[in-house]
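*Asks:*
Numbering (the working numbering), first residue to last: 95 to 197.
1) Mapping DSSP to helix, strand and coil, what is residue 95?
2) Residue 138 bridges to which residues according to DSSP?
3) Assuming residue 108 and residue 171 are in contact, meaning their beta carbons sit under 8 Å apart, how far apart are those beta carbons, in whole angstroms?
4) If I follow the unbroken beta strand (DSSP E) through residue 125, where does it start and stop?
5) Out of curiosity, what's the CA-to-CA distance linking residue 164 and residue 136?
6) State the DSSP-derived secondary structure class of residue 130, mapped to helix, strand or coil.
7) Could you pull the start and end residues of the beta strand (DSSP E) that residue 112 belongs to?
8) Compute the distance between the beta-carbons of residue 111 and residue 140, then report whether it is under 9 Å.
9) Thinking residue 166 and residue 113 are a contact (beta carbons under 8 Å), I'd like their distance in whole angstroms, please.
10) Could you give the first and the last residue of the continuous beta strand (DSSP E) run that contains residue 152?
If you want it as structure tokens, here you go:
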């Protein structure tokens, strides 16, 4: 019991932002969220900031700016997951997995 509580405190969440545009495709991460709920709340705050821009179009966890054709997509992931890394190769007999977008 004590061990599982310790592991729960070590788990942190990262808010990843993927910025895609005509000349860029990059990832940035902000870590230090104690749980998924806090990470998601921060994501919502960031999306709400973009609502003041007239050219901002929203779809789920993404905002696209029509003027410069740039999209910012937000992801809350445990710190053990890195969306920039590709998962291990699929096994022929295993279930199909969707690969994350490459950098």
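Positions of the beta carbon are idealized from the N, C-alpha and C atoms, including for glycine.
Bear in mind the structure is a predicted one, so any value in this text is a computation, not a measurement.
*Replies:* On the basis of the supplied data:
1) A caution first: residue 95 carries a pLDDT of 49, below 50, which makes its placement in the model unreliable, though a value can still be read off. Correct three-state label for residue 95: coil.
2) Answer is none; residue 138 lacks a bridge partner.
3) 6 Å
4) 119-127
5) 21 Å
6) helix
7) 107-114
8) yes
9) 5 Å
10) 150-153
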